[in-house]
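Novice:
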Amino acid sequence: MSSIGGWGGWKDSSFWGKGSQLFYVSILTSPTTGGVTASFGMLGDIIIAEPDAYIAFAGKRVIEQTLNTTIPEGLQ
Numbered sequence: 001m002s003s004i005g006g007w008g009g010w011k012d013s014s015f016w017g018k019g020s021q022l023f024y025v026s027i028l029t030s031p032t033t034g035g036v037t038a039s040f041g042m043l044g045d046i047i048i049a050e051p052d053a054y055i056a057f058a059g060k061r062v063i064e065q066t067l068n069t070t071i072p073e074g075l076q
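So in UniProt numbering, spot 39 of the sequence shown is number 39, and the numbers just go up one at a time.
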């Protein structure tokens with residue numbers, strides 16, 4: 001792939017086809033946030049995370065910048 005723009009179709013490849021007899025295991029380490037969570041991190045047939053892992057759609061910094069406020073520790 002010559003550009004990141006090509007990433008949009010990767011999950012539609014034959015590997016992910018309904019006829020495939022393969023399964024996909026996602027192993028999440030802490031922290032897993034943002035694009036990883038929104039894309040291939042949650043596509044697994046089996047999703048495993050380390051104990052007490054920080055898994056979120058958006059990290060604390062992104063939430064604070066979006067809301068223009070400070071959020072307390074441990075909110076998520």
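Even for Gly, the Cβ is constructed at its ideal location relative to N, Cα and C. For clarity, every value in this text was computed on a predicted model and none was experimentally measured.
1. May I have the straight-line CA-CA distance separating T32 from F23, to the nearest angstrom?
2. With DSSP as the reference, label T33 as helix, strand or coil.
3. Could you check which residue in Q21, T29, A38 and S26 has the C-alpha nearest to that of F57?
4. For Q65 and I55, I'd like the C-alpha separation in whole angstroms.
Specialist: Let me spell this out:
1. Position 32 of the sequence shown, counting from 1, holds the residue named residue 32. Position 23 of the sequence shown, counting from 1, holds the residue named residue 23. About 21 Å.
2. The sequence position of residue 33 within the sequence shown is 33, counting from 1. Here T33 sits in coil by DSSP.
3. In the sequence shown, residue 57 corresponds to position 57, counting from 1. Of Q21, T29, A38 and S26, the residue nearest in Cα terms is A38.
4. For this step, residue 65 is matched to residue 65 along the sequence shown. For this step, residue 55 is matched to residue 55 along the sequence shown. Each residue's alpha carbon lies about 19 Å from the other.
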